[in-house]
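S.K.: Just passing along the structure, written as structure tokens.
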Amino acid sequence: MSPLWRTPGPVFQGFMDAGEILFQRPYLGVLLWSTVPHLVD
Numbered sequence: 152m153s154p155l156w157r158t159p160g161p162v163f164q165g166f167m168d169a170g171e172i173l174f175q176r177p178y179l180g181v182l183l184w185s186t187v188p189h190l191v192d
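Quick note: the sequence shown uses the working numbering, first residue 152, plus one each step.
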């Protein structure tokens with residue numbers, strides 16, 4: 152993965168939006184954290 156400062160604007164903005172959403176709704180982060188590993192396996 153490339154460093155964040157090298158990602159294109161829209162992608163970086165998407166990351167920022169996602170971070171803001173997760174910061175406002177921590178349970179979504181917990182949900183993602185518990186779900187994603189199972190999807191990857």
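Each residue gets a CB set at the ideal place from its N, CA and C atoms; glycine is no exception.
So, using beta-carbon positions, are residue 182 and residue 172 closer together than 8 Å?
M.R.: Not a contact, by the Cβ cut-off of 8 Å.
S.K.: Measure the alpha-carbon distance for residue 165 versus residue 159 and round it to whole angstroms.
M.R.: Approximately 10 Å between the Cα atoms of the pair.
S.K.: In terms of residue numbering, what span does the alpha helix (DSSP H) encompassing residue 159 cover?
M.R.: No alpha helix (DSSP H) contains residue 159, which DSSP labels as neither H nor E.
S.K.: Would you tell me roughly how many angstroms separate the C-alpha atoms of residue 177 and residue 163, rounded to the nearest one?
M.R.: The alpha-carbon atoms of residue 177 and residue 163 are separated by roughly 20 Å.
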